[in-house]
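S.K.:
There are 4 protein chains.
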Amino acid sequence: MDFGFDAKTEELRERLLTFMDECVYPAEEAFEAQAAESGWASPPLLEDLKDEARRRGLWNLFLPGEHGAGLTNLQYAPLAEIMGRSPRIAPTATNCAAPDTGNMEVLSMFGDEWQRKEWLEPLLRGEIRSAFAMTEPDVASSDATNISLSIVRDGDEYVINGRKWFASGAMNPNCRILIVMGKTDPEAPSHRQQSMVLVPRDTPGMDIRRGMHVFGYTDGDHGGHAEIGFTDVRVPADHLIGEEGGGFAIAQARLGPGRIHHCMRLIGMAERAVELMCARALSRSTFGRPIAQQGVVQDWIAESRVRIEQLRLLVLKTAWLMDTVGNRGAHTEIQAIKIATPRDVEWIIDKAIQVHGAGGVSQDFPLAGLWAGARSLRLADGPDEVHKRSLAYRELKKHMGDRS
Amino acid sequence: MDFGFDAKTEELRERLLTFMDECVYPAEEAFEAQAAESGWASPPLLEDLKDEARRRGLWNLFLPGEHGAGLTNLQYAPLAEIMGRSPRIAPTATNCAAPDTGNMEVLSMFGDEWQRKEWLEPLLRGEIRSAFAMTEPDVASSDATNISLSIVRDGDEYVINGRKWFASGAMNPNCRILIVMGKTDPEAPSHRQQSMVLVPRDTPGMDIRRGMHVFGYTDGDHGGHAEIGFTDVRVPADHLIGEEGGGFAIAQARLGPGRIHHCMRLIGMAERAVELMCARALSRSTFGRPIAQQGVVQDWIAESRVRIEQLRLLVLKTAWLMDTVGNRGAHTEIQAIKIATPRDVEWIIDKAIQVHGAGGVSQDFPLAGLWAGARSLRLADGPDEVHKRSLAYRELKKHMGDRS
Amino acid sequence: MDFGFDAKTEELRERLLTFMDECVYPAEEAFEAQAAESGWASPPLLEDLKDEARRRGLWNLFLPGEHGAGLTNLQYAPLAEIMGRSPRIAPTATNCAAPDTGNMEVLSMFGDEWQRKEWLEPLLRGEIRSAFAMTEPDVASSDATNISLSIVRDGDEYVINGRKWFASGAMNPNCRILIVMGKTDPEAPSHRQQSMVLVPRDTPGMDIRRGMHVFGYTDGDHGGHAEIGFTDVRVPADHLIGEEGGGFAIAQARLGPGRIHHCMRLIGMAERAVELMCARALSRSTFGRPIAQQGVVQDWIAESRVRIEQLRLLVLKTAWLMDTVGNRGAHTEIQAIKIATPRDVEWIIDKAIQVHGAGGVSQDFPLAGLWAGARSLRLADGPDEVHKRSLAYRELKKHMGDRS
Amino acid sequence: MDFGFDAKTEELRERLLTFMDECVYPAEEAFEAQAAESGWASPPLLEDLKDEARRRGLWNLFLPGEHGAGLTNLQYAPLAEIMGRSPRIAPTATNCAAPDTGNMEVLSMFGDEWQRKEWLEPLLRGEIRSAFAMTEPDVASSDATNISLSIVRDGDEYVINGRKWFASGAMNPNCRILIVMGKTDPEAPSHRQQSMVLVPRDTPGMDIRRGMHVFGYTDGDHGGHAEIGFTDVRVPADHLIGEEGGGFAIAQARLGPGRIHHCMRLIGMAERAVELMCARALSRSTFGRPIAQQGVVQDWIAESRVRIEQLRLLVLKTAWLMDTVGNRGAHTEIQAIKIATPRDVEWIIDKAIQVHGAGGVSQDFPLAGLWAGARSLRLADGPDEVHKRSLAYRELKKHMGDRS
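Chains as they are written, first to last, in this note's numbering: chain X, 1 to 404; chain R, 1001 to 1404; chain Z, 2001 to 2404; chain F, 3001 to 3404.
1) Could you pull the DSSP bridge partners for residue 3161(F) from this structure?
2) Express the C-alpha separation of residue 1353(R) and residue 1275(R) in angstroms, rounding to a whole number.
3) Which residue's Cα is closest to the Cα of residue 1356(R): 1393(R), 1262(R) and 1297(R)?
4) With DSSP collapsed to three states, give me the class of residue 175(X).
5) Roughly how many whole angstroms lie between the Cα atoms of residue 1293(R) and residue 2393(Z)?
6) Give me the residue from 25(X), 257(X), 389(X) and 231(X) with the minimum Cα distance to residue 71(X).
7) Which residues of the stretch 2253-2273 of chain Z have a Cβ closer than 8 angstroms to any Cβ of chain F? Give them in chain order.
8) Using C-beta distances below 6 angstroms, list every residue in its chain close to residue 2092(Z), excluding the 5 sequence neighbours before and after it, in chain order.
9) Taking the C-alpha atoms as reference points, what is the distance between residue 1290(R) and residue 383(X)?
10) Counting contacts by CB-CB distance shorter than 8 angstroms, is residue 1001(R) in contact with chain Z?
11) Determine which residues of the stretch 291-309 of chain X have a Cβ less than 9 angstroms from any Cβ of chain Z, and write them out in chain order.
12) With a threshold of 8 angstroms between beta carbons, is residue 403(X) in contact with chain F?
13) DSSP has residue 2196(Z) in a bridge; who is on the other side?
14) Return the CA-CA distance between residue 1051(R) and residue 1044(R), expressed in angstroms with no decimal places.
15) Measuring straight from C-alpha to C-alpha, what distance separates residue 2400(Z) and residue 82(X)?
16) Is residue 2207(Z) helix, strand or coil by DSSP?
17) Buried or exposed: which applies to residue 360(X), given that a residue is buried once 16 or more other Cβ atoms fall within 10 Å of its Cβ?
18) Using C-beta distances below 6 angstroms, list every residue in its chain close to residue 1333(R), excluding the 5 sequence neighbours before and after it, in chain order.
19) Counting only beta-carbon separations shorter than 8 angstroms, does residue 2137(Z) have a partner in chain F?
20) Below 8 angstroms on the Cβ atoms is my contact criterion, and I expect residue 2362(Z) with residue 3213(F) to pass it. Report the Cβ-Cβ distance as a whole number of Å.
21) I want to verify the contact list: residues of chain F whose CB lies under 7 angstroms from the CB of residue 2143(Z), in sequence order.
22) Decide if residue 2342(Z) is buried, meaning its Cβ has at least 16 other Cβ atoms within 10 Å, or exposed.
23) Counting pairs of Cβ atoms below 8 angstroms between the stretch 1117-1128 of chain R and the stretch 1263-1275 of chain R, do you hit three or more?
24) Alpha carbon to alpha carbon, how far is residue 3366(F) from residue 3029(F)? Give it in angstroms, no decimals.
25) By the 10 Å Cβ neighbour count, where 16 or more other Cβ atoms means buried, how is residue 3169(F) classified, buried or exposed?
26) Please confirm whether any heavy atom of the ligand GTP lies closer than 7 angstroms to the CB of residue 1246(R).
27) Looking at residue 2377(Z): is its Cβ nearer than 8 angstroms to the Cβ of residue 2261(Z)?
28) Identify which residue in 3142(F), 3102(F) and 3237(F) has its Cα closest to the Cα of residue 3389(F).
29) Applying the criterion that 16 or more other CB atoms from any shown protein chain within 10 Å of the CB defines a buried residue, is residue 1164(R) buried or exposed?
30) Could you run through the stretch 1015-1028 of chain R and flag, in chain order, every residue whose CB is less than 7 angstroms away from some CB of chain Z?
31) Flag this pair as yes or no: are the beta carbons of residue 269(X) and residue 386(X) separated by less than 8 angstroms?
32) Considering only C-alpha positions, which residue in the set 3105(F), 3022(F), 3286(F) and 3042(F) is nearest to residue 3241(F)?
33) Tell me, to the nearest whole angstrom, how far the beta carbon of residue 2074(Z) is from that of residue 1314(R); I am working on the premise that it is less than 8 angstroms.
34) Between residue 1279(R) and chain Z, is any beta-carbon pair separated by less than 8 angstroms?
35) In chain Z, what lies closer than 8 angstroms to residue 3368(F) by C-beta?
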């Protein structure tokens, strides 16, 4: 047992921290100003940052194997944490932003040669963006069997009908391709009903209706969260990813690394919040002494530190398990990080907001935006409660033999 | 001891509930659509609703005494709760919306005849809006002695310099008057340093810079939350409310009823959230059964009901105390409702959001907006922690004699 | 709506507070010493206190109607709170201690003339004690249909077989009578299967095996919590209370007032804990200043006050509802107080313990004992979770019509 | 980074798990019976278990270096966890029970040859027991400068006067030696005022007055928690451990490993509680289905698993830090585990109790006893709040430079 990072990780951490200090944090103010103007497009300064990250060898770090940087989950995790400290800039600047990351993983693992050439390559080069359409407005999508968008084979094509929402990134004009999950065979066993198809954003019949808000945010700089109607949308049959009925398995494969990334970024967000909380507490006074001397604020700071340390270790162990025994062997831990991380980070950011007073909820500090991000991750890919129930079943199963 | 409402209250509750059913809820969808277009102005349909409320005798219910409906705090409280069920429409429609309510109370209690004629009367008629400028960006404003905006007497005028923010309502073009709190005498005893002056919105030197956001929301339909710069702003000396050095006392007087109103509206918001939570839980299914049958969801619903009942009783008792022994005698309770209500209502709305899945954080349900409102009330007029500390001091004082 | 006590209540509160100050608190130390010696019997000094309470007209206050003091639930509730401040002495001293109170209520409401003469009268005079045997070790007793003790009519007798535990008071040698709940007809509709019978403590075949502990406490001064085996225990048929199949209804009738009493006593315990917490915080110093100046301790004190005020109002309203619309109409509130009170009071006592350091968990302060009492009330007459589920069903039912 | 145990640890874990299964769990029932009879002495069956553990090479595992098993903190930690699953038997059976462990560490590190021969050796052989007297009834002992027991050099002797309590183990008749902390020089710098002396249990003037209770438990099988009066107690000068003024430093050195041991045992207790909770939930039914199918119970089980995983990782990392950078470098983590572990384990055990109904608080299950142990560790060696404050100061210090 060894809690130190390996040399490669240490080196990349250093390099990335330097990039954050030299390029990312200094760009935050200008980013906000551009974001306020750029509608659904990415703020233009990101292009320079992407060039810079590429030059510094900080590119596609998330992607294992030959197409990416080839890091293990355990090596990438601490880098994702660092990116999370400026979550609207750093992931995009290093081409490590969701949902592109998950989509690149899918194409890398399940895409055929043509699909990889057509879509994976420009994504890897950071030339285009992509979206992932799974959640539906009309059903509780945490139960995959509820998915109702229909994908029907018709000759050499698939015909798609239905409605999706919260397809993050799809409002971005530079988004060129969507991975869409739907049902090809409602009669198949429940986990063989779904398939995934690639749908170019300009396909007729696909109506990108509006961006859903998250609290009051449109997340425009991130390409928003689109509601999309599909009316007789037709794509050639070779746009199917993997095989018919393979959608659920692909979704599961996509999910493990996604959780690690999300959770480590959240931890980075929490570290940022603690930093802001401490700085504010040291700089403001009430009733004659700095807020930092108030016991309740100290309690929040200590509590935040204790929680962060525990979260980080749990996510790192999960990454290690995925690397050593695979996603299936890490099932409990993958659920555990999803349960623990968003809610604890939300708690920490909430306290940082409280220390900031009215400013904390405003656009003058990143805290309210970070909070909204953490809060929505308590819902993204299934509310916590679904994961808790599933984790409890596995725990109970261990003890089934104990019954007399 | 009697927990029933009196006849007058029951009658007004009935009348108001009917107004909600017949006029307010049906207007919500159109209100959202207009609000999305109306910038910082009120959605136009409010004018019709105001006429209707006036016709139905549901006007200025908040105001005790001769200028208003003459209700006690205990009589008005349950009406404020009902308004809180549609908090962006009902309070404005009945001319019971903050910050106008507090401003009208101040003018009614402390304004001179000219001030009342000039500003109170059009406010009472619902012709103009007003704002209240107390919080400052540069200091922890929960400690009133930190207030740094300067108000200096110069001949027949007061000259104002400084900066305020979160002056709610001030972005509304129909806002005509601001009540501004500042320091007239930094050398006086700490609670005699502050004064309040009336500043017409078009006074030269007053720069209404921008609207502050609250978790991404601009609250445009409410007139936003303005940041305002004051540079040598001059108002005639008769724009002083009450006497020099009386600002702190006026703020305190304004605060008691304000708390009752805010807290009762929050309880109405919580009831709305529970309604939405139950309806959603009954209508969605996962894994073969309605969400309403899930134990954790039932736990949230029960917990919400238990908390709401307790909050309502505490606020009503506080109102009763204010009516019977005055604000000073109700000090502990006024702080207690401020501590308990926003955080518990926030908790309830959070759970309702969770039951709604991704929809819960979006613009398709009122929940995320309600949440942001409740969250920001944990900060408004001082973070909870300040009130807890003060309440604890009073509790400890009771036991000082016990020491040996 | 009126939050003041009526004159009768005020008078009795004064009288009882005086009794507490003059007789109860001064007896606490001697009580502990006697309790350490008296095994399962009541400490002898209680007899003097009972005489004194009787003399002062503070006797059987809990019992409405002709046999008792004739108070309403709302009048008695604040008196129960005061007794709760010294919960091992005051209720017994005033003949208002569970389970005798519930048993007297049952006999008063459902007992026939002979039963009342034989058992109710000596109980009312405080000459004997009694016990109530409902919970069973082998089943989840919160579901009454699980009750498995069998009561079979055989000629002029009932024959009882089965096992009970946590029959509070039954270890006391002065306990003369038990009310035992069991099944007379397992084939009847689920709420008509149970009956209650009176079983004198010396009936052959009834084996009072041992006292169950509560976090290490035997509660010996209270008569313990007995495990009892019933082997062919025979009682004459006239020992049946009410009618066969009426057991569930009697249990329900017994339960409403019992909740009020328990919850108000808990609130008294919480007040005692706050008092001790404040006194300790003022008298101990760490790192150069009194613990009372530590923000976290202040937070606990404020939080305790806020919670107590809410709990008290909720219990009082419940009492008022029971008085005005009956137990059935107060169903939601009766469950709500059971859910909210024990857990919040437990929280408060826990904080008082923490302020006391190691002493807090020891026999030198009443806190650990109070805590164990509050904790076990989260389980007594059904774990909180059962009540939450039931309350949620009723809440959901209100919204069933909303489904589309 | 590697989350697997090393080979030696794995081998010892296997061996210890076998010992638990073959010897410890089967002895639990008899242990309880003997403990109920044995007063302040250890239940006699422990001697056999000690022989067996010694034979199996499971002896003094806690002690690093030549005198013990020579394990690192990281190697011992998972063994302590396993022992914690039966915390009243396994630690004693393997001679790894507090406070002997800490005392042996102190003697091993700071004792001179004579002290080691006289006291360490019989302790290592498990022939005698020992106690540690630090906490005082009259002051908040979490602030070491408050310690008031006086140790005065008088010729060749030290004269001790004062009072201690919660000296765990000191009631045991086989306890032969106490390590006593007191002040030798009240004028020295605050952390050089204290010294530690060895006081044989039969020294005249030392009055072992009574055992303090923990909730209702005496912890008799553990030797209780003694209150001790010291009146002119004289020990030869060579009974001083280390040097005069070195008491605080010794206490600090004793504390790091003690925390690891306590916290890992707590985690073992939590695992035991989860096991019992699952078994009970599977075996009991209410309202027609096993408690295990209730959502709230599942939530508790999942939550317990998630918290345990996080706690274990944090404690293991702390052990690793102590091994690699020393106690000082692990300061934050040592505080963090003290803050997080007792309270989370307390929460888990509380939920297991709740699932057991009334049985959970009784002597029929180990849960109430485990709970009392966890609860008192929120106070032992300083209440959590002291550690949080200290941790917060260090966190704030990191950001002191950020102030502008």
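Every residue, glycine too, gets a C-beta built ideally from N, C-alpha and C.
M.R.: Let me spell this out:
1) By one-based count along the fourth sequence, residue 3161(F) stands at place 161. DSSP output for residue 3161(F) lists 3150(F) as bridge partner(s).
2) Locating residue 1275(R) in the second sequence gives position 275, where the first residue counts as 1. Locating residue 1353(R) in the second sequence gives position 353, where the first residue counts as 1. If you take the alpha carbons of residue 1275(R) and residue 1353(R), they lie about 12 angstroms apart.
3) Residue numbering aside, residue 1356(R) sits at position 356 when the second sequence is read from its first letter. Of 1393(R), 1262(R) and 1297(R), the residue nearest in Cα terms is 1297(R).
4) The sequence position of residue 175(X) within the first sequence is 175, counting from 1. Residue 175(X): strand per DSSP, three-state reduction.
5) By 1-based counting over the second sequence, the position of residue 1293(R) is 293. By 1-based counting over the third sequence, the position of residue 2393(Z) is 393. Rounded to whole angstroms, residue 1293(R) to residue 2393(Z) spans 9 angstroms at the Cα level.
6) Residue numbering aside, residue 71(X) sits at position 71 when the first sequence is read from its first letter. Nearest of 25(X), 257(X), 389(X) and 231(X) to residue 71(X), Cα basis: 257(X).
7) Contacts with chain F (Cβ-Cβ distance below 8 angstroms) from the stretch 2253-2273 of chain Z involve no residue at all.
8) Indexing the third sequence from 1 puts residue 2092(Z) at position 92. Same-chain partners within the cutoff: 2046.
9) The count along the second sequence starts at 1 and reaches residue 1290(R) at position 290. The count along the first sequence starts at 1 and reaches residue 383(X) at position 383. Their Cα atoms are separated by approximately 15 angstroms.
10) Mapped onto the second sequence, residue 1001(R) falls at position 1. Yes, its Cβ sits closer than 8 angstroms to a Cβ of chain Z.
11) 293, 294, 295, 296, 297, 298 and 299
12) Position 403 of the first sequence holds residue 403(X). Summary for residue 403(X): the model assigns pLDDT 42, below 50, so the residue's position carries little reliability, and this model does not support an answer.
13) Residue mapping note: residue 2196(Z) aligns to position 196 of the third sequence, counting from 1. Residue 2196(Z) pairs with 2181(Z) and 2241(Z).
14) Working through the second sequence from its first residue, we reach residue 1051(R) at position 51. Working through the second sequence from its first residue, we reach residue 1044(R) at position 44. C-alpha separation (whole angstroms): 12 angstroms.
15) As a first step, residue 2400(Z) must be located in the third sequence, where it is residue number 400. As a first step, residue 82(X) must be located in the first sequence, where it is residue number 82. Rounded to the nearest angstrom, the two C-alpha atoms are 48 angstroms apart.
16) As a working mapping, residue 2207(Z) is identified with position 207 in the third sequence. DSSP places residue 2207(Z) in strand when its eight states are reduced to three.
17) Position 360 of the first sequence holds residue 360(X). Flag for residue 360(X) reads buried.
18) One-based indexing of the second sequence puts residue 1333(R) at position 333. If we look at residue 1333(R) and ignore the five residues flanking it on each side, its Cβ neighbours are 1318 and 1321.
19) Residue mapping note: residue 2137(Z) aligns to position 137 of the third sequence, counting from 1. Taking CB atoms only, residue 2137(Z) has a neighbour in chain F less than 8 angstroms away.
20) Locating residue 2362(Z) in the third sequence gives position 362, counting from the first residue. Locating residue 3213(F) in the fourth sequence gives position 213, counting from the first residue. Sure, about 5 angstroms apart at Cβ, within 8 angstroms.
21) Within the third sequence, the letter at position 143 stands for residue 2143(Z). The contacting residues are 3286 and 3287.
22) In the third sequence, counting from the first residue as 1, residue 2342(Z) sits at position 342. That one is buried.
23) no
24) Stepping through the fourth sequence from its first residue, residue 3029(F) is reached at position 29. Stepping through the fourth sequence from its first residue, residue 3366(F) is reached at position 366. Computed Cα separation, rounded: 10 angstroms.
25) For the purposes of this step, residue 3169(F) is taken as the residue at position 169 of the fourth sequence. By the Cβ-count criterion, residue 3169(F) is buried, with 16 or more other Cβ atoms from all chains shown falling within 10 Å of its own Cβ.
26) The ligand GTP is not part of the structure shown, which contains no ligands of any sort.
27) Start at 1 with the first residue of the third sequence, and residue 2377(Z) comes out as number 377. Start at 1 with the first residue of the third sequence, and residue 2261(Z) comes out as number 261. Against a cut-off of 8 angstroms, the Cβ pair of residue 2261(Z) and residue 2377(Z) comes out as no contact.
28) Position 389 of the fourth sequence holds residue 3389(F). Answer by Cα proximity: 3142(F).
29) Taking the first residue of the second sequence as 1, we reach residue 1164(R) at position 164. Counting Cβ neighbours within 10 Å, residue 1164(R) comes out buried, since at least 16 surround it.
30) none
31) For this step, residue 269(X) is matched to residue 269 along the first sequence. For this step, residue 386(X) is matched to residue 386 along the first sequence. No, the Cβ-Cβ distance between residue 269(X) and residue 386(X) is not below 8 angstroms.
32) By 1-based counting over the fourth sequence, the position of residue 3241(F) is 241. Nearest option by C-alpha distance: 3105(F).
33) On the third sequence, residue 2074(Z) is found 74 positions in, with the first residue counted as 1. On the second sequence, residue 1314(R) is found 314 positions in, with the first residue counted as 1. Residue 2074(Z) to residue 1314(R), Cβ: 18 angstroms. No contact.
34) Position 279 of the second sequence holds residue 1279(R). Taking Cβ atoms only, chain Z reaches closer than 8 angstroms to residue 1279(R), which makes this a yes.
35) To locate residue 3368(F), count along the fourth sequence from 1; it is residue 368. Ordered by position in chain Z, the residues that pass the 8 angstroms Cβ test against residue 3368(F) are 2213, 2214, 2215 and 2216.
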